[in-house]
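Take a look at the structure below.
Numbering (my numbering), first residue to last: 89 to 279.
Okay, structure coming up:
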């Protein structure tokens, strides 16, 4: 049995799991807690170890292993901010004997108290920009202003860095155009 709840603008999340010795002899169990980010826009491990509990049990005995996770357990290091950041979204809390032996999973929703900021560079991908209607509108307006909007379709270029668009612009997409686009994206009001 696994119990986990939603973490809002609180500092901690309490996770508890009941472990039972179903055998006929005294035993010990190592309970591992992993956190998996379901929708990050950042490169992160598939799951991250966030807690370990050692439980000793007599035959037939049950004990509760309790973990307390702070928001830091859901954070990633944001190089643009120069600090740890928590992105709002859903995370899986995974309980296992090891990273490859997950026996229980619960989904939690984390709401960041920090407003989401988007910071674009020439290395951001077209897909990063197209994630929202605001980004799509800015990119298409920027391409259209120099007559390159119909030259190619950006829809199938989600993994392409913005800087690469210059190569497809037949000379119309310059460094100035790229820096202007990045500046507009960073100053935009995002929904």
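Built from N, CA and C at the ideal position, the CB exists for glycine as well. Owing to the predicted nature of the structure, the values given are computational and were not obtained by experimental measurement.
- The DSSP-derived three-state label of residue 276 is coil.
- A direct Cα-Cα distance of roughly 24 Å separates residue 174 from residue 246.
- Ranked by how close their Cα comes to the Cα of residue 209, the residues 180, 148, 268, 102 have 268 in first place.
- The criterion of a C-beta distance shorter than 8 Å is not satisfied by residue 140 and residue 127.
- Shown here, residue 114 sits in coil according to DSSP, grouped into three states, outside any helix or strand.
- By the neighbour-count criterion, in which 16 or more other beta carbons inside 10 Å mark a residue as buried, residue 230 falls on the buried side.
- Residue environment for residue 274: exposed (fewer than 16 other C-beta atoms within 10 angstroms of its C-beta).
- Distance between residue 213 and residue 123, taken at the CA atoms: about 26 Å.
- Cβ-Cβ distances below 8 Å link residue 263 to 254 in the same chain, with the five nearest sequence neighbours on each side left out; the list follows chain order.
- A direct Cα-Cα distance of roughly 19 Å separates residue 266 from residue 220.
- Nearest neighbour of residue 106 by Cα position, chosen from 167, 136, 145, turns out to be 145.
- By the CB criterion at 8 Å, residue 164 and residue 195 fall outside the cutoff.
- Around residue 180, the same chain offers 124, 193, 195 as residues with beta carbons nearer than 6 Å, after the five sequence neighbours per side are excluded.
- The C-beta separation of residue 102 from residue 156 comes to about 6 Å, placing the pair in contact by the 8 Å criterion.
- Rounded to whole angstroms, the Cβ separation of residue 176 and residue 158 is 16 Å, and the two are not in contact under 8 Å.
- In the three-state reduction of the DSSP assignment, residue 162 falls in the helix class, which pools H, G and I.
- Going by DSSP, residue 107 is part of the beta strand (DSSP E) stretching over 100-108.
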